[in-house]
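Read top to bottom, the protein sequences are chains A and B.
Mapping of the first sequence onto this note's numbering: position 320 corresponds to residue 326, and the numbering continues sequentially without gaps.
Mapping of the second sequence onto this note's numbering: position 292 corresponds to residue 298, and the numbering continues sequentially without gaps.
Read the structure below first, then the notes.
Number of protein chains: 2
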Amino acid sequence: MPVSIKEVAREAGVSVATVSRVLGKGPVSDALRARVERAIEITGYRPNLSARRLRSRRSQTIGLVVSDIRNSFFTSVSRAVEDAAYEAGWRVILCNTDENPDKEAMYLRLMQEERVTGLIFAPTRDTASRQDLDALGFPVVLIDRAGPATGVDAVLLDNARASAMLVDHLVDAGYRRIGGIFGKTSTTGQERRDGFAAAMALHGLPCETKFILPQAPAAEDSVGVWLDSADRPDAIVASNGQLLLGAFRAARRRGVALPGGVALAGFDNEGWTEVVSPGLTVIEQPVLDIGRTAMSLLVERLADAGISPRKVVFPGRLLIRGSTAGKR
Amino acid sequence: MPVSIKEVAREAGVSVATVSRVLGKGPVSDALRARVERAIEITGYRPNLSARRLRSRRSQTIGLVVSDIRNSFFTSVSRAVEDAAYEAGWRVILCNTDENPDKEAMYLRLMQEERVTGLIFAPTRDTASRQDLDALGFPVVLIDRAGPATGVDAVLLDNARASAMLVDHLVDAGYRRIGGIFGKTSTTGQERRDGFAAAMALHGLPCETKFILPQAPAAEDSVGVWLDSADRPDAIVASNGQLLLGAFRAARRRGVALPGGVALAGFDNEGWTEVVSPGLTVIEQPVLDIGRTAMSLLVERLADAGISPRKVVFPGRLLIRGSTAGKR
DNA sequence: GTGAAAGCGCTAACAC
DNA sequence: GTGTTAGCGCTTTCAC
C-alpha cells in the first residue's frame, strides 16, 4: 500500500498543500521545503499520477496510433516521438491497428477515455477522410497518411515526387516496362501510385500497377505472378519496405537476377536494403524528422488551437544502389 | 469539456451509481440499462480512466521497459505483450532505456507513480542484480536478461546451450579459430560468452572473445580489427542482431567472402539475415512465445503472489544457412 | 508563505 | 435493484 501525500505531510509537520507545492513549483520557504523533501525520502513517497491527472485535468499523455510497430518506419517514428515526449514529461500510449478500421475506432475511443492531451495518428484510408478527427476533444496530428484536408495537422512525405524520382531514375537507366505494387489500405499507397502513373505518362510509357495488402507475403505472390508471366516487366517499384522485401524474395526464389532479370526499387531505407547484393535502390524517408515534427506541431497546436491546419511535407531522398544499375 | 457520469445520470433520470453499474457489471434492470445506454449515446459520454483508476485502485496498466524498441527482438516482444494486454483490457506503457541505468531508475520510478499492475522488464546487468526488484510495489517479470536469482519471475533463452549449438555447428563444419563478440551491458551477453567459451573448451580449442557496446557500429569496428589482423579468425559469432549486422558490414566492406574468407553466425533471426547472400546462420528466438509467456507469468503472479519465482527458459533454434557452409 | 477545505469523476459500501 | 454517500489522492482556491 503506497504512502499518500497525507502521510508525507504528517511526517513533515506541514499541510498537504505545502507538500503539493514542493512537488509542483509553488512558493515554499526553504526551511519547509527541506523538511518536506526529507519526509518524502523517509516515507518513500511516490505521487499518484492518476490522482494528479484527475484533479489537474491534465493527462500529460499523448497517444500514438499506428498500423504496426514492427514496420520499421513506425518503429523509428515511435522512438522519436517517445524520446521527445518523455523529455517534456509526457507519457505515450502506443497502439497498433493492423490497418483494421474497427481497431482504429476502438483505440480512438480509448484515447478519449484517457483524456489524452493530443494524438499522433497514422490512419487507414477509410479513417483518414473522417470529418470528425478535429472533434475528438484533443488535437490530432496525422503522420504518413492523410486524406483530403480534414482540418487537422499532418506530416507527410512528398509521395508523388518520390515516386517520380524512382521512375525518372529507372527510365534514365534504360528501363521501360515498369510495374508497381502499392499498399491498398492507405492514402500513401494511393498517392505513390498516382505519382508513379503520372511520371510514367510524362515519359510516354504505359504502366501496370497493383494495389495489395501492405505485407511481404502479398507482395511475394503478386510479384511472383509478374515474374512468371511471358511479358515480365523489366523493372518493379514497391511502395514500402514490406512490399520491397516480398518482391526481393520473389525474385530471389526464382533465381531472377537483379538487375539483369528485373530491376527493383522501392520505399524505405531499411537496414537490409543496403546489405543485400546487389543493394536496393530506395527512397529514404527522414523518419526522425517526421517524428519530431509531429511532436512540434502537436505542441504548437496545444499552445494555440486557433492557427489553421498545417501540412508539413518532407522530400524523400533517392539512394541509388546496384538493383537499378543501367540496362546497357 | 467532456461530460461526466453525473450528466449521464441526469439525462437518464437515474443515480450515478446505476450508470456506474451499467458501465461495470453490476445488477441493473433491463429497463434502466436501456435508458442509461441511450443517455450515454446522446451525451457522447466517455468514462474518465484516471478517475476510475484512482477510485478503484486498479491501474489496469502494465509497464514494458526495454533497452530499445528498434531492436527487432524487443519490437516483436512488444507486439506480443501489447496484443495480449489490450486483449485483457489493460494499457501498456513502453519505455526505452538505451542500456542507461539512470534512465532505468527514472522509468522504474515512473512505473511506481503510475501504480502499474505489473512490469515486464529487460534490465541492464547493473540493474538485473538489484535486490529490491521484488519490492517495487508490483510484480516484475524479467525478459531476455536476469541476474542471479533476484526473487522475481523471468523468461529467458537458454543462452549457454544456444552458444554451444553455434560452436558445435562451426566446429563440425571444420572451423577452428573462432572469435566471438558479445554485448557488454547485459547478463545475456555474459551468458552467451560463457556458453561460447565452455563449448570451445570442450572441443579443446582456444577462443578469443570481446565485450562491446551492443550496437552495429561497435561491432563493425571490432570485427574490422580482426579481419585486418594477420591471425584473422576463420569464423565469428555475434551475440545479437545488431552485432551480426555490424560484423556482416565489416566483412562486406573489406571484400572478405562468406564463408570463404570468414564464416559468420549469430543470434536473432532478423528478416535480413535470410535475404542476404549467403544467408546467415542464426539462433532464432521464439519472440512471440517469450512475450506471451511474460504476460502469462505476470497474470499468474497477480493471481497468487505466494508462488515462488519461476524461470521459464526457451531453447533457441539453430537455422543453418550459407554463411557457415563446410570449410572443405 | 501557509493551511483549511472543496472537489476532480468515479466506485463501493451501505441502506432501503 | 436502486439511490445516497463517502472517499480514492491530489491540486487549487480562498483566507489569513
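Just so you know, even glycine gets a beta-carbon here, dropped at the ideal spot from N, CA and C.
Computed from a predicted model, the values in this text were never measured in an experiment.
Specify, as a first and last residue, the run of the alpha helix (DSSP H) that residue i falls within.
{"i": "residue 28 of chain B", "result": "22 to 29"}
{"i": "residue 99 of chain B", "result": "Residue 99 of chain B -> not in any alpha helix (DSSP H); beta strand (DSSP E) instead, spanning 97 to 102."}
{"i": "residue 194 of chain B", "result": "193 to 208"}
{"i": "residue 42 of chain B", "result": "36 to 49"}
{"i": "residue 277 of chain A", "result": "277 to 281"}
{"i": "residue 224 of chain B", "result": "222 to 234"}
{"i": "residue 133 of chain A", "result": "131 to 134"}
{"i": "residue 316 of chain A", "result": "First-last for residue 316 of chain A: undefined, no H or E at that position."}
{"i": "residue 57 of chain B", "result": "55 to 62"}
{"i": "residue 179 of chain B", "result": "Unbroken run through residue 179 of chain B: none, as it is neither H nor E."}
Give me the Cβ distance between residue i and residue j, rounded to the nearest whole Å; I'm assuming they're in contact under 8 Å.
{"i": "residue 255 of chain B", "j": "residue 56 of chain A", "result": "With a Cβ gap of about 47 Å, residue 255 of chain B and residue 56 of chain A do not count as contacting."}
{"i": "residue 295 of chain A", "j": "residue 320 of chain A", "result": "6 Å"}
{"i": "residue 303 of chain A", "j": "residue 316 of chain A", "result": "7 Å"}
{"i": "residue 202 of chain A", "j": "residue 243 of chain A", "result": "6 Å"}
{"i": "residue 218 of chain B", "j": "residue 225 of chain B", "result": "6 Å"}
{"i": "residue 67 of chain B", "j": "residue 46 of chain B", "result": "Contact flag wrong, Cβ pair sits at about 24 Å."}
{"i": "residue 241 of chain B", "j": "residue 282 of chain B", "result": "The Cβ separation is near 17 Å, so there is no contact."}
Pick helix, strand or coil for residue i, following the three-state DSSP scheme.
{"i": "residue 337 of chain A", "result": "Residue 337 of chain A is absent from the structure shown; chain A starts at 7 and stops at 334."}
{"i": "residue 144 of chain B", "result": "coil"}
{"i": "residue 286 of chain B", "result": "coil"}
{"i": "residue 69 of chain A", "result": "strand"}
{"i": "residue 268 of chain B", "result": "coil"}
{"i": "residue 190 of chain A", "result": "coil"}
{"i": "residue 324 of chain B", "result": "strand"}
{"i": "residue 126 of chain A", "result": "strand"}
{"i": "residue 109 of chain A", "result": "helix"}
{"i": "residue 243 of chain A", "result": "strand"}
{"i": "residue 12 of chain B", "result": "helix"}
{"i": "residue 262 of chain A", "result": "coil"}
{"i": "residue 75 of chain A", "result": "coil"}
{"i": "residue 185 of chain A", "result": "strand"}
{"i": "residue 296 of chain A", "result": "helix"}
Alpha carbon to alpha carbon, what distance is there between residue j and residue i?
{"i": "residue 129 of chain A", "j": "residue 189 of chain B", "result": "38 Å"}
{"i": "residue 90 of chain A", "j": "residue 148 of chain A", "result": "17 Å"}
{"i": "residue 15 of chain B", "j": "residue 113 of chain A", "result": "25 Å"}
{"i": "residue 270 of chain A", "j": "residue 172 of chain A", "result": "10 Å"}
{"i": "residue 142 of chain A", "j": "residue 205 of chain A", "result": "38 Å"}
{"i": "residue 61 of chain A", "j": "residue 220 of chain B", "result": "43 Å"}
{"i": "residue 125 of chain B", "j": "residue 26 of chain A", "result": "28 Å"}
{"i": "residue 301 of chain B", "j": "residue 86 of chain B", "result": "9 Å"}
{"i": "residue 58 of chain B", "j": "residue 289 of chain B", "result": "45 Å"}
{"i": "residue 228 of chain A", "j": "residue 299 of chain B", "result": "36 Å"}
{"i": "residue 81 of chain A", "j": "residue 71 of chain A", "result": "12 Å"}
{"i": "residue 250 of chain B", "j": "residue 222 of chain B", "result": "7 Å"}
{"i": "residue 181 of chain A", "j": "residue 165 of chain A", "result": "21 Å"}
{"i": "residue 69 of chain A", "j": "residue 96 of chain A", "result": "10 Å"}
{"i": "residue 29 of chain A", "j": "residue 109 of chain B", "result": "20 Å"}
{"i": "residue 310 of chain A", "j": "residue 145 of chain A", "result": "11 Å"}
{"i": "residue 169 of chain B", "j": "residue 247 of chain B", "result": "14 Å"}
{"i": "residue 40 of chain A", "j": "residue 306 of chain A", "result": "36 Å"}
{"i": "residue 161 of chain A", "j": "residue 322 of chain B", "result": "41 Å"}
{"i": "residue 167 of chain A", "j": "residue 332 of chain A", "result": "22 Å"}
Mind checking which residues open and close the beta strand (DSSP E) that includes residue i?
{"i": "residue 218 of chain B", "result": "214 to 218"}
List, in chain order, every chain B residue whose beta-carbon is nearer than 9 Å to that of residue i.
{"i": "residue 254 of chain A", "result": "281"}
{"i": "residue 278 of chain A", "result": "251, 276, 277, 278, 279, 281, 282"}
Hey, would you say the C-beta of residue i is under 7 Å away from at least one heavy atom of the ligand NAD?
{"i": "residue 39 of chain B", "result": "Only the bare structure without any ligand can be found here, which leaves the ligand NAD out of the picture."}
Cβ closer than 7 Å: which chain A residues qualify as neighbours of residue i?
{"i": "residue 57 of chain B", "result": "60"}
{"i": "residue 118 of chain B", "result": "52"}
{"i": "residue 85 of chain B", "result": "75, 76, 102"}
Starting from residue i, find everything on chain A with Cβ-Cβ shorter than 9 Å and list it in chain order.
{"i": "residue 169 of chain B", "result": "Within chain A, no residue comes near residue 169 of chain B; the closest Cβ sits about 24 Å away, beyond 9 Å."}
{"i": "residue 223 of chain B", "result": "The contacting residues do not exist; residue 223 of chain B stays about 12 Å from chain A at best."}
{"i": "residue 96 of chain B", "result": "Chain A residues near residue 96 of chain B: none, gap ~11 Å exceeds 9 Å."}
{"i": "residue 258 of chain B", "result": "281, 283"}
{"i": "residue 88 of chain B", "result": "75, 100, 101, 102"}
Kindly list, in the order they appear in chain B, the residues whose Cβ is closer than 8 Å to that of residue i.
{"i": "residue 82 of chain A", "result": "76"}
{"i": "residue 8 of chain A", "result": "118, 121, 143"}
{"i": "residue 115 of chain A", "result": "52"}
For residue i, go through chain B and note every residue whose CB falls closer than 7 Å to its CB, in chain order.
{"i": "residue 99 of chain A", "result": "97"}
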